[in-house]
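Each residue of the sequence shown is one higher than the one before, counting from 3 in the numbering used here. From the three backbone atoms N, C-alpha and C, an ideal C-beta is built for every residue, glycine too. Working notes for the structure below.
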Amino acid sequence: METIRVKEVEYNNAPAHHQLYHQNVKRFTEEFKTIHNIAPKFIIQTYGCQMNEHDSEKMSAMLINLGFEETEVLEEASLVLYNTCSIRENAENKVYGHLGSLKSLKRKNPELIIGICGCMMQQEHIVETIKNKYKHVDLIFGTHNLHLLPQLLNQSIAADDMIIDVWDNADSVVEGLPVKRKRNSKAYVNIIYGCDNYCTYCVVPYTRGKIRSRRAEDIVAECKLLIDEGVKEITFLGQNVNSYGQDLEKKVSFAELLTMVNAIEGKFRLRFMTPHPKDLSDELIMAIANLDKVCEYLHLPVQAGSNSLLKAMNRRYTVENYLEKVNKLKRAVPDITLSTDIIIGFPGESEADVDDLIELIKIVEYDSAFTFIYSKRGGTPAAKFDNQIPEPLKHQRFDRMLKVLNQIVKRKNAALLDREFEVLIEGKARDKNYMIGRTRQNHTVNVLADGIEIGDFVDVRITKAGGFSLYGEKLSNE
Ligand code: 5AD
Ligand code: SF4
């Protein structure tokens, strides 16, 4: 596997045609500035997971380097980019809806460049639909070539027709792309791209390709830089973070990577998502227990609560394996909090399967959960299973499960009253008397705003723990 380095400074030595794309797009933004007296503006609408959010942060930085400015007002934009998600049908439908409504904007402003990228574009039938039904789109590209945005824009600016460039897969890891982070105190860091697990409901292996780990030294170097810049929390990103490093020439385990980054000097937190339960090793559990910067929180997607469904989903663990790992975790890290992903309505699911899931939820006592109704994804094995569950039944079961889950989450929240936590302040709360932050265990807390800033670590006592929200106040230093 190859590593491509595309650092802005390295463009001086990059092949001549790369420099040309940059120069051309920069010329476009400069000419725009001369004519309109303002820089052309872009807006990126991001759907889906943190991986997509981080991809958008990279594209934002590339566009800013090319002379664009960011806006949040659609009508002001010269470039609209949709970074799309395919995980469930409603994510796709939202994009189609927005694309449709852009038609009138494009009519008013024919110069507007409309681009779509991300997971939806990795599927041929979707690209076909856009080609045929949304002819006002200018540019289509995929998840594997977003680093070529300057080149693609250059082509799009020069052409009248729709530019389509989607790669089936990627053999390389691209290093050195600039990033424009949404928040200064927190940063995402990709550690592994793609997924080889092929859970039968999931489209990700088809849209994000085979696993490709970044070299540990590149990850550590990026983290060092971030900590030097004042970042207080790093979240490692990957579809299955604990398969990290197994595809590298010199194998590195995920726990070893955590240990390396934990050794960087400075006060910061380390989180990661998402680990796969089948790969949750004792080594990783001990790393969570022993490494001071690694937070006491784990998102451990269970998806289903019965062995027959787990098998049909190709999850490759049993309820018993999962619970054994949860017990080990709770023993090794006593104050750990757990969250999960749950799918209701997978083909073949029975009421008894839902009972089993509820039983598992009660045993684990999750602190929070992301709950989904199964959505048929074209090209995945489960979409062809003939025992699909009717929609109304899915919803009935979903409500039944959610009732129990919510009771547990609320009970666990209420038990936090009067407890003390270190909170990392992330931003302003909706109520301007409060700032909002997170504990190491990932509880969101509204903290009375007297004299605290974004990026501060504040010791807080929980003063109100009603429903799903927590309130607290800073402890005095005496
Ligand atoms: N339908 C519903 N939920 C899904 N997820 C993945 N694929 C589907 C699907 N086809 C959920 C899983 C995964 C989370 C990111 O999205 O729970 O962990
Ligand atoms: Fe999808 Fe399964 Fe890979 Fe997660 S592990 S991205 S659910 S295929």
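- The Cβ atoms of residue 63 and residue 182 lie closer than 7 angstroms to each other.
- Taking every residue with its beta carbon within less than 6 angstroms of a heavy atom belonging to the ligand SF4 gives, in chain order, 197, 199, 200, 201, 204, 206, 207, 241, 242 and 278.
- The ligand 5AD has a heavy atom closer than 6 angstroms to the beta-carbon of residue 345.
- The beta-carbon separation of residue 346 and residue 403, rounded to 6 angstroms, stays under the 8 angstroms limit for a contact.
- Along the length of the stretch 375 to 438, whole beta strand (DSSP E) runs at least 3 residues long occupy 422 to 430, reported in chain order.
- Counting only unbroken stretches of 3 or more residues, the beta strand (DSSP E) elements lying wholly within the stretch 98 to 134 are 115 to 120, in sequence order.
- Residue range 141 to 143 is occupied by the beta strand (DSSP E) that includes residue 141.
- Excluding the 5 residues flanking it on each side, residue 83 has same chain C-beta neighbours closer than 6 angstroms at 46 and 117, in chain order.
- Annotation: the continuous beta strand (DSSP E) that includes residue 341 extends over 339 to 346.
- Here the stretch 389 to 402 makes no contact with the stretch 413 to 431; the two share fewer than three CB pairs at distances below 8 angstroms.
- Residue 198: not part of any beta strand (DSSP E); DSSP gives it neither H nor E.
- The beta-carbon separation of residue 217 and residue 194, rounded to 11 angstroms, does not stay under the 8 angstroms limit for a contact.
- Comparing alpha carbon positions, the residue from 366, 154, 142 and 148 closest to residue 101 is 142.
- In the displayed model, residue 149 falls within a helix according to three-state DSSP.
- Residue 341 sits close to residue 301, with the two beta carbons spaced by under 7 angstroms.
- Contact annotation, residue 43 with residue 148: C-beta distance approximately 20 angstroms; criterion of less than 8 angstroms not satisfied.
- Shortest gap from the CB of residue 109 to any heavy atom of the ligand 5AD: 6 angstroms or more.
- By the criterion of at least three beta-carbon pairs nearer than 8 angstroms, the stretch 20 to 30 is in contact with the stretch 148 to 158.
- The residue from 469, 468, 448 and 339 with its alpha-carbon nearest to that of residue 475 is 448.
- Using a Cβ distance threshold of 7 angstroms, residue 177 and residue 220 count as a contacting pair.
- The way I'd put it, the stretch 404 to 411 doesn't touch the stretch 379 to 392; fewer than three beta-carbon pairs between them come closer than 8 angstroms.
- Leaving aside the five residues that flank residue 197 on each side, the residues in its chain whose CB is nearer than 7 angstroms to its CB run, in chain order, 206, 207, 210, 213, 241 and 242.
- Positions of the beta strand (DSSP E) runs, each at least 3 residues long and wholly inside the stretch 436 to 462, are given as 436 to 441 and 446 to 450 in order along the chain.
- Annotation: residue 246 to residue 283 spans about 12 angstroms, alpha carbon to alpha carbon.
- With respect to residue 337, residue 298 sits close: the two C-beta atoms are nearer than 7 angstroms.
- Under the criterion of beta carbons closer than 8 angstroms, residue 288 and residue 334 qualify as touching, at roughly 7 angstroms.
- Per DSSP, reduced to three states, the secondary structure at residue 256 is helical.
- For residue 273, no alpha helix (DSSP H) segment is defined; the enclosing uninterrupted segment is the beta strand (DSSP E) at 271 to 275.
- A Cβ-Cβ contact shorter than 7 angstroms links residue 472 with residue 464.
- Taking a 10 Å sphere around the C-beta of residue 369, we find 16 or more other C-beta atoms and assign the residue as buried.
- Only residues of its own chain outside the window of five on either side were considered, and among them 114, 116 and 138 have a CB closer than 8 angstroms to the CB of residue 108, listed in chain order.
- Of all alpha-carbon atoms in 48, 227 and 58, the one lying nearest the alpha-carbon of residue 93 is that of 48.
- Beta-bridge partners assigned by DSSP to residue 167: 143.
- In this chain, the beta strand (DSSP E) harbouring residue 190 covers 188 to 192.
- A direct Cα-Cα distance of roughly 10 angstroms separates residue 270 from residue 457.
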